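In this note's numbering, the protein residues as written are -7 to 245.
Input: a single structure, listed below in structure tokens.
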């Protein structure tokens, strides 16, 4: 039997309900000092979806004592993961212009969650991660993504190099976000099917992935700052992709 996940925080639970996840009941902490509008939204949504609410003592929140739980939690089945080989044909059949994100050894759960949230907002179709050397998919990453992990399919792949080759052969342009380039991100054509690679917080993208990338996208920084945080870089590039696809143009300098 797979381990269940404790999902805590208002927005992750709202996202779980919207995504039609199986929720038996939602636990509220007795004696909440402040019931915010967000709490009320969660209560109303729970009632609408016929999800029971149970008031429990603060002792029930003991294992979340160092977490920003906002006085609410629920127990859910683990998040399902996929293989991109199964999803990509479905994307094409639906007439999508696929946008995929490949995370190379992103281990910081805050960066991981932030990337997932940004990807969901920018319309990414799937996130690809390795089976090892990655942030865990679980309670903390659900919280740091504000529940966006319920919205974007996560593909766990044993061999990322083979996955990239598969994507290339399937018509996707492979673009690596790296300072080891002279091409700025806004001068790359993202209008077609694209897989964006983002690298480890300290080491960047593996050289073997850089070698097989079609393009390398650089985001310049002011002298003295080596590079952007990976989740910030993700947002910068994803919204250029969004802009190009919506307005059909690239900026040229």
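Positions of the beta carbon are idealized from the N, C-alpha and C atoms, including for glycine.
Keep in mind that this is a model prediction, so the values were computed, not measured.
Under the three-state reduction of DSSP, residue 116 is assigned to coil, being neither helix nor strand. With at least 16 other beta carbons inside 10 angstroms of its own, residue 104 counts as buried. For residue 46, there is no enclosing alpha helix (DSSP H); the residue is part of the beta strand (DSSP E) that begins and ends at 45 to 48. With respect to residue 119, residue 145 sits close: the two C-beta atoms are nearer than 9 angstroms. For residue 149, there is no enclosing alpha helix (DSSP H); the residue is found in the beta strand (DSSP E) stretching over 146 to 149. The shortest C-alpha to C-alpha distance from residue -4 to any of 13, 37, 60 and 3 is the one to 13. Here residue 131 is buried: its Cβ has 16 or more other Cβ atoms, across all protein chains shown, within 10 Å.
Counting other Cβ atoms within 10 Å of its Cβ, residue 4 reaches 16 or more and is therefore classed as buried.
Annotation: the continuous alpha helix (DSSP H) that includes residue 80 extends over 76 to 85.
When 76, 78, 23 and 112 are compared, the shortest CA-CA separation from residue 51 is found for 23.
Secondary structure within the stretch 131 to 186: the beta strand (DSSP E) runs of 3 or more consecutive residues, fully enclosed, are 146 to 149 and 165 to 169 (chain order). Judged by DSSP in its simplified three-state form, residue 27 adopts coil rather than helix or strand.
The three-state reading of DSSP puts residue 212 in coil, since its state is none of H, G, I, E or B.
The Cβ-Cβ distance between residue 80 and residue 8 does not fall below 9 angstroms.
Here residue 153 is exposed. Its C-beta has fewer than 16 other C-beta atoms within 10 Å. When the five nearest sequence neighbours on each side are left out, the beta carbons in the same chain lying within less than 6 angstroms of the beta carbon of residue 125 are those of 97, in order along the chain.
By DSSP's assignment, residue 19 forms a beta bridge with 46 and 65.
Nearest neighbour of residue -1 by Cα position, chosen from 184, 40 and 136, turns out to be 136.
Going by DSSP, residue 202 is part of the alpha helix (DSSP H) stretching over 199 to 203.
Residue 100 places its beta carbon 9 angstroms or farther from that of residue 66.
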